[in-house]
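J.: Here it is: the structure, laid out below.
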DNA sequence: CATTAATCGGAGGATTTTCTTCCACTTACT
DNA sequence: AGTAAGTGGAAGAAAATCCTCCGATTAATG
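Protein chains in written order, with my numbering: chain A, 270 to 499; chain B, 270 to 499.
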């Protein structure tokens with residue numbers, strides 16, 4: 270017993286089921302915070318995570334502890350996908366687009382702003398993860414600027430904010446799944462803009478929704494008149 | 270008492286103060302529904318409209334009546350700005366962009382999806398306004414396609430959905446005002462995309478936020494290191 | 001400027017939602 | 001197989017929200 274240290278100081282490793290539940294709670298909390306805001310009901314989070322409310326309270330003594338876990342998880346995912354994009358993409362612009370898509374998937378940009386004011390970002394694990402994510406992201410942007418493939422006027426703030434807009438699920442009874450497919454399509458749209466490209470049409474993934482589609486849509490998933498997304 | 274008819278059946282025109290309150294309630298309700306969803310507290314709406322809760326209940330017998338008023342107002346604004354864009358813009362693409370900016374201002378695309386499932390859109394005033402708005406918008410898009418200035422792949426659904434994403438206030442304690450200025454900037458960004466234009470850099474209005482700006486930001490309005498928006 | 005009918009606004013009881021604790025039962029690990 | 005760790009939900013407490021009612025206020029009219 271000398272392994273207790275650093276951040277989450279558990280003497281014994283969590284039991285397998287506890288670990289699984291912990292994970293599910295953080296994921297569910299992320300989604301519920303995104304949908305309902307920082308005051309979301311903890312009951313709903315437990316329900317969504319398929320655990321009893323008692324389990325949630327045992328693992329996270331209060332709302333703020335849960336929030337910190339969600340934020341930390343999101344920041345770590347973000348840092349990781351930014352670093353991976355930097356390492357693996359063939360050029361800076363592709364690093365940027367692949368980072369955008371990866372970030373969408375993790376709903377990072379959707380949940381962080383919701384919890385920003387509830388969590389102290391300047392200490393401990395969270396500050397470290399934040400800095401790691403921010404600098405990797407900045408590196409992507411700087412590289413794309415240097416490469417000449419990203420407009421100079423487009424700043425870190427623009428990328429971050431657009432990511433927030435794109436990550437949030439659409440309001441109303443649109444299925445989460447469709448909402449996410451559309452988000453990927455809209456990243457493509459943002460990347461190339463609304464005007465035709467001189468070089469010719471670039472593909473945009475995801476469902477092409479007409480006015481009628483939109484109306485019929487509502488809850489049930491669209492029957493996608495176009496190719497797959499991304 | 271035989272004059273009751275049609276939609277809004279008022280015998281006497283509302284008193285001046287009543288009319289003003291009615292208006293303020295609809296505007297406040299729009300904003301609160303956007304921020305808190307369809308279950309938002311009516312108390313909060315009254316508070317935001319600066320009227321007593323009693324006044325709200327007198328004017329709108331229940332939540333659904335209020336919702337219908339909000340939706341109708343939004344659809345009428347939308348129809349009007351689409352028609353104005355069609356009439357006044359020098360070309361179809363400018364009609365589109367000016368429609369996007371106008372729509373943003375009215376938060377139309379932010380509130381409609383929130384209330385879609387709560388309100389019967391297929392009857393009365395609302396259906397009429399909806400059709401008027403939809404057809405004017407479709408006309409803009411068709412014209413831009415015909416003009417060759419809007420990518421063929423971009424559909425009604427894309428425009429509508431992006432408008433939803435752009436209209437919603439950013440989550441967290443970002444001021445509404447800043448959120449809206451950024452939205453206009455991001456319309457510009459969407460229009461031309463992230464890549465440099467061969468024809469040279471186009472202006473993007475609104476605040477250019479760096480990473481540090483974003484952090485410092487939070488509630489207080491940004492001190493805008495760039496030119497005015499739009 | 002006085003009259004009056006319409007309108008306003010919030011106090012407060014009823015109701016619903018959410019929080020949080022506690023403990024008998026279940027499960028993973030040795 | 002034994003046991004410490006973990007689970008889930010019932011239930012009382014606390015908080016938020018709904019909605020009505022009525023005394024005070026105000027716009028319109030002569």
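Where is the CB? At the ideal position from N, CA and C, for every residue including glycine.
Which class does residue 382(B) belong to by DSSP, given the choice of helix, strand or coil?
T.: helix
J.: Note down the Cα distance separating residue 422(B) from residue 465(B), rounded to an integer number of angstroms.
T.: 21 angstroms
J.: Taking only beta-carbon atoms, is residue 409(B) less than 8 angstroms away from chain A?
T.: no
J.: From this set, 285(B), 320(B), 429(B), which residue's C-alpha is nearest residue 481(A)'s C-alpha?
T.: Nearest neighbour of residue 481(A) by Cα position, chosen from 285(B), 320(B), 429(B), turns out to be 429(B).
J.: Can you confirm whether residue 267(A), when its beta carbon is compared against all beta carbons of chain B, has any partner nearer than 8 angstroms?
T.: One cannot answer for residue 267(A) here, as it falls past the ends of chain A, which runs 270 to 499.
J.: Is residue 382(B) close to chain A, meaning its C-beta is less than 8 angstroms from at least one C-beta of that chain?
T.: yes
J.: Near residue 309(A), which residues of its chain fall below 7 angstroms by C-beta distance, leaving aside the five closest residues on each side in sequence?
T.: Same-chain partners within the cutoff: 301, 302.
J.: In angstroms, rounded to a whole number, what distance separates the CA positions of residue 393(B) and residue 399(B)?
T.: Residue 393(B) and residue 399(B) have their C-alpha atoms roughly 10 angstroms apart.
J.: Run down chain A in chain order and give the residues with a C-beta less than 7 angstroms from the C-beta of residue 293(B).
T.: Neighbours of residue 293(B) on chain A: none; closest Cβ ~23 angstroms, over 7 angstroms.
J.: Please work out which residues of its chain come closer than 6 angstroms, Cβ to Cβ, to residue 315(B), disregarding the five sequence neighbours upstream and downstream, and give them in chain order.
T.: 322, 325
J.: Taking residue 403(A) as the query, report the chain B residues whose CB atoms sit under 7 angstroms from its CB, ordered along the chain.
T.: 480
J.: Below 8 angstroms CB to CB, which residues in the same chain sit around residue 409(A) once its five sequence neighbours on both sides are set aside?
T.: 351, 354, 355, 361, 364, 365, 368
J.: Give the single residue among 405(A), 460(A), 406(A), 283(A) whose Cα lies nearest to the Cα of residue 420(A).
T.: When C-alpha distances from residue 420(A) are compared across 405(A), 460(A), 406(A), 283(A), the shortest belongs to 460(A).
J.: Quick one: list the residues of chain A neighbouring residue 477(B), beta-carbon separation under 8 angstroms, in chain order.
T.: 422, 424, 426, 427
J.: How long is the line joining the alpha carbons of residue 454(B) and residue 443(B), rounded to whole angstroms?
T.: Using only the alpha carbons, I get a separation of about 16 angstroms.
J.: Is it true that the CB of residue 339(A) sits closer than 8 angstroms to the CB of residue 299(A)?
T.: Closer than 8 angstroms, so yes.
J.: Using CA coordinates, which residue listed in 475(B), 479(B), 306(B) is at the minimum distance from residue 387(B)?
T.: Out of 475(B), 479(B), 306(B), 306(B) has the C-alpha closest to the C-alpha of residue 387(B).
J.: Counting only the same chain and skipping the five closest in sequence on each side, list residues whose C-beta sits under 6 angstroms from that of residue 342(A).
T.: 295
J.: Since residue 417(B) meets chain A, which of its residues come closer than 9 angstroms, beta carbon to beta carbon?
T.: 465
J.: Quick one: residues in its chain with C-beta nearer than 6 angstroms to the C-beta of residue 439(B), no 5 flanking neighbours on either side, listed in chain order?
T.: 448
J.: Starting from residue 424(B) and walking both ways along the alpha helix (DSSP H), at which residues does that stretch end?
T.: Neither: residue 424(B) is in no alpha helix (DSSP H) and is coded neither H nor E.
J.: Measuring CA to CA, which of 359(A), 418(A), 458(A), 293(A) is closest to residue 467(B)?
T.: 418(A)
J.: What's the C-alpha gap between residue 286(A) and residue 486(A)?
T.: 39 angstroms
J.: Using a Cβ-Cβ distance under 8 angstroms, would residue 438(B) count as near chain A?
T.: Not an interface residue.
J.: Examine chain A for any beta-carbon lying closer than 8 angstroms to the beta-carbon of residue 389(B), and answer yes or no.
T.: no
J.: Label residue 312(B) either buried or exposed according to how many other C-beta atoms from any shown protein chain fall within 10 Å of its C-beta, with 16 as the threshold for buried.
T.: exposed
J.: To the nearest angstrom, how far is the alpha carbon of residue 406(B) from that of residue 304(A)?
T.: 29 angstroms
J.: Less than 8 angstroms between CB atoms is the rule here; does residue 430(B) satisfy it with respect to chain A?
T.: Yes, contact with chain A.
J.: Under DSSP, the alpha helix (DSSP H) around residue 390(A) begins and ends at which residues?
T.: Counting along the chain, residue 390(A) falls outside any alpha helix (DSSP H), and DSSP gives it neither H nor E.
J.: Is the Cβ of residue 483(B) closer than 8 angstroms to any Cβ of chain A?
T.: yes
J.: Using C-beta distances below 7 angstroms, list every residue in its chain close to residue 491(B), excluding the 5 sequence neighbours before and after it, in chain order.
T.: In this prediction, residue 491(B) has a pLDDT of 44, which is less than 50 and means its spatial position is unreliable; nothing more can be read from the coordinates.
J.: Can you tell me whether residue 479(A) is helix, strand or coil according to DSSP?
T.: Looking at residue 479(A) - three-state DSSP - the assignment turns out to be coil, as it is neither helix nor strand.
J.: Looking at the secondary structure, which residues open and close the alpha helix (DSSP H) in which residue 309(A) lies?
T.: Note, residue 309(A): premise wrong, no alpha helix (DSSP H); not H, not E.
J.: Applying the criterion that 16 or more other CB atoms from any shown protein chain within 10 Å of the CB defines a buried residue, is residue 404(A) buried or exposed?
T.: exposed
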